[in-house]
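Sequential numbering from 19 applies to the sequence shown in this note's numbering.
Note that the Cβ used here is the ideal one computed from N, Cα and C, for glycine as well.
Accompanying notes for the structure given below.
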Amino acid sequence: MIAAVIPTLYRPPTLGPLMATLAADGVEVILIDTREREPAIYQWWNEGVRQARFLEADHIAILNDDIRVAPGTMAHMAAVLDANPDLGCVYPQGGPASVPASLAVQRTEGLWHSNAALGMVGWCFMIPANLGIPFDERYRWWAGDDAFEESVRRAGRSVGCAVGLYVEHLESYSAPKRWNDLQPLVDADRAIWYGPERWA
């Protein structure tokens, strides 16, 4: 069974179609309502992963609420993981949503925003439910996906892009509305990522 963890605050217009596509594909959606909660995205992801494991999911996707996926996207990522036991995490490319016929995968290092030629995207990725590597909750809003990607590789697993699988990441709906609250968190996260605390 595939479960998808989706934290949401404002329930943007993109969320309904996303959930409808996932439901039609038989994906169990774990919607985490973040209203009246302190910003802590990696804590929310850990919470969703725990719920997915309780439901006995085999594969767990972490998704933004502002993406557009084609039917079969989650099944494709799960099939890529199953076909490549060394993978601890798989993600799509960014672009108009579509699913390829091939299960080709390209191993990568780093995140796309870290000047990687092709790097993990934090807004849509999937892990095996038994991976056992939590998200680092010292981070609140930024760099936790970088830290996770690095932890997967340091544990001896690969991270890879599902070649030809495209998911459209639409313009962020929630973050700009609360940037005054988020900017200090991002600054604190950067201080951890680039400082000695990173290896504590």
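Here the region 20-37 makes contact with the region 47-62; the two share three or more CB pairs at distances below 8 Å. In the three-state reduction of the DSSP assignment, residue 178 falls in the strand class. Under the 10 Å beta carbon count, residue 167 is surrounded by 16 or more other beta carbons and is classified as buried. The beta-bridge partner set that DSSP reports for residue 143 consists of 80. Distance between residue 65 and residue 30, taken at the CA atoms: about 21 Å. The C-alpha of residue 102 lies about 34 Å from the C-alpha of residue 214. DSSP places residue 212 in no alpha helix (DSSP H); its state is neither H nor E. Straight across, the Cα-Cα distance linking residue 163 with residue 178 is about 14 Å.
In the three-state reduction of the DSSP assignment, residue 196 falls in the helix class. Across the set 124, 204, 112 and 137, the C-alpha of 112 shows the shortest separation from the C-alpha of residue 84.
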